[in-house]
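Protein chains in written order, with our numbering: chain A, 111 to 578; chain B, 94 to 334.
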């Protein structure tokens with residue numbers, strides 16, 4: 111098992127490093143380190159305006175989210191084995207040729223991914239904070255404790271989504287039942303005992319007050335769902351070759367208002383038939399945003415509700431921009447390479463499908479605005495969400511073309527993406543602070559978004575298209 | 094008459110590796126041309142460059158009179174291409190994929206044309222199955238269909254028979270010979286020499302990216318030489334060099 115694990119780690123490194131060059135990929139954790147190191151120096155400024163403990167909530171929330179983003183193993187199942195690994199001949203696919211069961215390989219694969227992302231993201235972050243702490247007169251024990259609690263926060267998110275996604279893949283009815291039970295239990299506990307997010311989140315509780323009992327609870331919260339998920343996980347799906355009634359032509363006719371109806375139709379069928387649409391909306395959009403809203407809601411004690419709503423709209427915009435990756439992960443450029451379609455046409459097709467998907471964040475923000483009693487700020491919230499989403503899309507297209515899921519791990523690309531997006535977000539936050547209605551000016555972001563898209567056409571039309 | 098394919102000192106490099114090295118060749122209209130070579134000799138790269146799927150590093154090429162570097166989409170509009178790895182979209186059915194190709198290529202009555210291919214290549218019972226669930230052989234049949242759906246005057250095929258059973262191989266060989274007789278041109282790349290000897294009228298041998306020979310099968314037969322002996326002697330000699 112250990113040998114398989116080390117070989118998978120080596121393989122994962124080589125997959126990434128051969129794509130970007132070893133140095134470029136090795137710079138990725140270095141960049142996380144630099145961000146954490148420099149970010150630590152900003153903490154004293156926050157401390158002046160925000161009650162103690164709040165920055166730690168935000169940092170733990172970020173790592174919880176990271177775990178959630180990484181943990182959708184249960185959804186992959188056959189698709190991972192067949193599509194992602196099938197053509198690449200990775201070790202994860204070696205159950206066919208070696209005397210190892212698929213479950214065994216899968217468990218090692220999950221452990222490998224967990225360790226890999228810990229090394230890639232969590233460790234450099236904590237290390238950056240640790241190196242900065244002597245300059246900020248922070249006792250060394252704190253970064254060590256932070257390493258433990260951030261790791262646990264990351265693993266909690268990962269285990270939660272691993273469990274939920276596996277249940278979802280097994281039975282959608284059980285999943286819905288489980289979600290309803292979870293929401294009811296959470297609401298009851300919250301209302302009857304006035305519980306805070308801290309008490310519902312063991313890693314954070316541990317950060318505030320270390321005890322072995324809390325550590326045990328935190329570990330149990332990770333281990334129990336992970337073990338159940340590993341037991342429930344299956345790649346053995348009933349081998350039914352399902353037949354479908356041809357829908358393409360009639361659907362393309364109905365989508366004739368799109369600039370490229372055949373491409374939009376294909377995207378729509380891909381999303382629906384792969385099961386990605388419901389899965390992604392749930393696990394990559396609704397659940398992370400609900401958690402964010404829950405965590406942001408505690409800031410209402412120090413910030414006006416309007417600001418929270420608008421900040422939430424910014425975050426929704428950033429997460430909504432990730433919908434572009436939903437559209438690009440289901441096919442490769444090879445699919446189109448024998449047809450007379452140019453890369454700009456393909457990009458344009460994906461962008462129009464993306465535009466249609468933006469109905470989801472728009473409806474979501476409208477519901478949140480009304481539910482939060484911020485109906486008066488519905489228009490600014492919508493404008494912020496959509497302009498941030500399209501601006502981030504433009505930046506993503508320009509930097510990663512048709513392969514955002516892979517090229518974003520190039521350190522140079524990630525730094526550029528981060529800088530360009532943060533600048534825009536910072537400008538909107540300043541507007542929120544001055545006057546919430548000034549944020550309507552964020553609609554100006556559509557202009558650079560359009561510019562980046564045009565630049566991406568020129569850039570990717572002349573580049574060799576990677577086959578992933 | 095101008096050649097259908099004309100490559101002049103065509104070179105393709107991947108980093109420091111030379112995949113195709115100053116290849117000059119021309120293919121006349123009506124030929125069934127075979128590009129032969131061992132694994133890794135640059136055959137697939139050559140087809141990719143000629144169809145504008147990848148850009149050459151040096152040299153030039155025209156296909157049906159169109160410059161592949163300046164108008165790759167124009168080339169792909171007019172030719173049929175069957176890539177080595179069959180990659181139809183996973184979540185469309187076979188019928189829907191052909192509808193998709195028809196919509197992109199603006200082919201009228203696409204289903205009527207597709208029906209004929211479902212019959213000819215015997216995969217009518219698989220037409221409503223998602224491409225990801227099709228066997229490799231059926232996927233190759235589908236890729237064959239998409240390449241000929243618009244009746245191109247030139248088709249470029251990378252390893253045309255590799256996933257087919259002997260019965261289907263015979264059928265496809267007959268089709269290719271018949272298609273050329275209608276005045277069209279076929280360019281195939283393969284390392285299976287029997288196929289080339291049986292169906293090709295002209296051939297070229299590529300090794301380590303370099304063109305070693307161009308000629309006709311008839312010339313070889315006149316010299317009472319078998320293609321595989323000739324191929325092996327040339328490639329071995331080149332390796333010693």
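We treat Cβ as the ideally placed atom computed from N, Cα and C, and that holds for glycine.
### Host alpha helix (DSSP H) of residue 548 of chain A (start-end)
On the first chain, residue 548 of chain A is found 438 positions in, with the first residue counted as 1. Taken as a continuous stretch (DSSP letters only), residue 548 of chain A belongs to no alpha helix (DSSP H), as it is neither H nor E.
Would you say residue 140 of chain B and residue 249 of chain B are within 8 Å of each other, going by their C-beta atoms? Here residue 140 of chain B corresponds to residue number 47 of the second chain, with the count starting at 1. Here residue 249 of chain B corresponds to residue number 156 of the second chain, with the count starting at 1. Going by C-beta atoms, residue 140 of chain B is nearer than 8 Å to residue 249 of chain B.
Notebook entry, point to check: Is it buried or exposed for residue 185 of chain A, if we count other Cβ within 10 angstroms and need 16 for buried?
Noted result: By one-based count along the first chain, residue 185 of chain A stands at place 75. Note that residue 185 of chain A has pLDDT 49, beneath the 50 cutoff, so the model's placement of it is unreliable and the number below is only indicative. With 16 or more other Cβ atoms within 10 Å, it is buried.
Do we get a CB-CB distance below 8 Å when we pair residue 444 of chain A with the residues of chain B?
-> For the purposes of this step, residue 444 of chain A is identified with residue 334 of the first chain, where counting begins at 1. Yes, residue 444 of chain A counts as interfacial toward chain B.
Beta carbon proximity, residue 354 of chain A to chain B, threshold 8 Å: The residue labelled residue 354 of chain A in the question sits at position 244 within the first chain. Closer than 8 Å to some Cβ of chain B, the Cβ of residue 354 of chain A qualifies, so yes.
Exposure of residue 195 of chain B, with buried meaning 16 or more beta-carbon neighbours within 10 Å: In the second chain, residue 195 of chain B corresponds to position 102, counting from 1. Residue 195 of chain B should be labelled buried.
Discussion item. Going by DSSP in three states, residue 515 of chain A sits in which element: helix, strand or coil?
Written reply: The residue labelled residue 515 of chain A in the question sits at position 405 within the first chain. If DSSP states are grouped into helix, strand and coil, residue 515 of chain A belongs with the helices.
Output, in chain order, the set of chain A residues within a Cβ distance shorter than 7 Å of residue 154 of chain B.
Taking the second chain and counting its residues from 1, the one referred to as residue 154 of chain B is at position 61. Going along chain A, no residue has its Cβ under 7 Å from residue 154 of chain B, so there is no contact; the nearest lies around 17 Å.
Problem - Interface flag, residue 357 of chain A vs chain B, CB-CB below 8 Å - result: Indexing the first chain from 1 puts residue 357 of chain A at position 247. Yes, because at least one Cβ of chain B sits closer than 8 Å to the Cβ of residue 357 of chain A.
Review point. Can you give the Cα-Cα distance for residue 365 of chain B and residue 172 of chain B, rounded to whole angstroms?
Key: Outside the shown range of chain B (94 to 334) lies residue 365 of chain B, about which nothing can therefore be said.
Quick one, which of A:333, A:179, A:244, A:176 has its alpha-carbon nearest residue 147 of chain A's? The count along the first chain starts at 1 and reaches residue 147 of chain A at position 37. Nearest C-alpha to residue 147 of chain A: A:244.
Query raised in the report: Do the region 475 to 483 of chain A and the region 198 to 208 of chain B meet, that is, are 3 or more Cβ pairs less than 8 Å apart?
Result: no
For residue 187 of chain A, count neighbouring Cβ atoms within 10 angstroms of its own Cβ and tell me buried if that reaches 16, exposed if not. To locate residue 187 of chain A, count along the first chain from 1; it is residue 77. At residue 187 of chain A the pLDDT is 42, less than 50, meaning the model places this residue with poor confidence; the figure from the coordinates comes in the next sentence. With 16 or more Cβ atoms within 10 Å of its Cβ, residue 187 of chain A is classed as buried.
#### Entry: Three-state secondary structure (DSSP) of residue 258 of chain A
Position 148 of the first chain, counted from the first residue, corresponds to residue 258 of chain A. Three-state result, residue 258 of chain A: helix.
**Study point:** Expected contact under 8 Å - CB spacing of residue 254 of chain B and residue 288 of chain B to nearest Å
**Key:** For the purposes of this step, residue 254 of chain B is identified with residue 161 of the second chain, where counting begins at 1. For the purposes of this step, residue 288 of chain B is identified with residue 195 of the second chain, where counting begins at 1. Contact holds; Cβ gap of about 6 Å.
Using a C-beta to C-beta distance shorter than 9 Å, which residues of chain B count as neighbours of residue 364 of chain A? Locating residue 364 of chain A in the first chain gives position 254, where the first residue counts as 1. Result: empty, since nearest Cβ-Cβ is about 13 Å, beyond 9 Å.
Between the beta-carbon of residue 185 of chain B and the beta-carbon of residue 358 of chain A, is there less than 8 Å? For the purposes of this step, residue 185 of chain B is identified with residue 92 of the second chain, where counting begins at 1. For the purposes of this step, residue 358 of chain A is identified with residue 248 of the first chain, where counting begins at 1. For residue 185 of chain B and residue 358 of chain A, yes; Cβs fall inside 8 Å.
Practice task
Pick helix, strand or coil for residue 170 of chain A, following the three-state DSSP scheme.
Solution key: Residue mapping note: residue 170 of chain A aligns to position 60 of the first chain, counting from 1. In this structure, residue 170 of chain A counts as helix in the three-state DSSP scheme.
Whether residue 460 of chain A touches residue 182 of chain B by CB criterion (8 Å): The residue given as residue 460 of chain A occupies position 350 in the first chain. The residue given as residue 182 of chain B occupies position 89 in the second chain. Result no, Cβ atoms of residue 460 of chain A and residue 182 of chain B do not sit closer than 8 Å.
Check: What residues in its chain sit with their C-beta under 6 Å from that of residue 121 of chain B, if we drop five residues either side in the sequence?
Finding: Counted from its first residue, the second chain places residue 121 of chain B at position 28. Here the set comprises 96.
ask   = In chain A, which residues lie with their C-beta within 9 Å of the C-beta of residue 174 of chain B?
value = One-based indexing of the second chain puts residue 174 of chain B at position 81. Under the 9 Å cutoff, chain A gives 447, 448, 449.
- Query: Which class does residue 107 of chain B belong to by DSSP, given the choice of helix, strand or coil?
  - Reply: The sequence position of residue 107 of chain B within the second chain is 14, counting from 1. It is a strand residue.
**OP:** Compare the C-alpha of residue 126 of chain B against each of B:282, B:299, B:148 and name the closest.
**Re:** Indexing the second chain from 1 puts residue 126 of chain B at position 33. Comparing Cα-Cα distances from residue 126 of chain B to each of B:282, B:299, B:148, the minimum goes to B:282.
Rounded separation between residue 106 of chain A and residue 275 of chain B - CA only: Only positions 111 to 578 of chain A appear in this structure, which leaves residue 106 of chain A out of reach.
Which residues mark the beginning and the end of the alpha helix (DSSP H) in which residue 561 of chain A is found? Looking up residue 561 of chain A in the first chain gives position 451. Start and end: 556 to 571.
In the DSSP output, which residue or residues are listed as bridge partners for residue 220 of chain A?
For the purposes of this step, residue 220 of chain A is identified with residue 110 of the first chain, where counting begins at 1. DSSP lists no partner for residue 220 of chain A.
- Item | chain B contacts from the region 373 to 400 of chain A (Cβ-Cβ distance under 7 Å) | 376, 379, 380, 383, 384
| said: Between residue 222 of chain B and chain A, is the shortest Cβ-Cβ distance under 8 Å, so that the two count as touching? | reply: As a working note, residue 222 of chain B is residue 129 in the second chain. Taking Cβ atoms only, chain A reaches closer than 8 Å to residue 222 of chain B, which makes this a yes.
Q. Can you list, in chain order, the residues of its chain whose CB lies under 6 Å from that of residue 111 of chain B, leaving out five sequence neighbours each side?
A. The count along the second chain starts at 1 and reaches residue 111 of chain B at position 18. Closer than 6 Å at Cβ, skipping near neighbours: 302.
Exercise. Which residues mark the beginning and the end of the beta strand (DSSP E) in which residue 251 of chain B is found?
Worked result: The residue labelled residue 251 of chain B in the question sits at position 158 within the second chain. It spans 247 to 251 - the beta strand (DSSP E) in which residue 251 of chain B sits, taken as one unbroken run.
_CA nearest to the CA of residue 169 of chain B, picked from B:247, B:214, B:135, B:305_ = The count along the second chain starts at 1 and reaches residue 169 of chain B at position 76. Residue B:247 is the option with its Cα nearest to residue 169 of chain B.
task: Have a look at residue 356 of chain A and residue 189 of chain B and give me their C-alpha separation to the nearest angstrom.
output: If you number the first chain from 1, residue 356 of chain A lands on position 246. If you number the second chain from 1, residue 189 of chain B lands on position 96. Roughly 6 Å between the two C-alpha positions.
Does the region 531 to 541 of chain A come close enough to the region 498 to 508 of chain A that 3 or more CB-CB pairs lie under 8 Å?
yes
_Against residue 159 of chain B, what residues of chain A qualify as contacts under a CB-to-CB distance less than 7 Å, listed in chain order?_
Within the second chain, residue 159 of chain B is the residue found at index 66, counting from 1. In chain order: nothing, as chain A lies at least about 11 Å away.
Q. Does the distance from the C-beta atom of residue 341 of chain A to that of residue 222 of chain A stay below 8 Å?
A. Walking along the first chain from the start, residue 341 of chain A turns up at place 231. Walking along the first chain from the start, residue 222 of chain A turns up at place 112. No, these two residues do not count as a Cβ contact at 8 Å.
*Going by C-alpha distance, which of A:509, A:453, A:424, A:511 is nearest residue 492 of chain A?*
Locating residue 492 of chain A in the first chain gives position 382, counting from the first residue. The residue with the shortest Cα to Cα distance from residue 492 of chain A is A:424.
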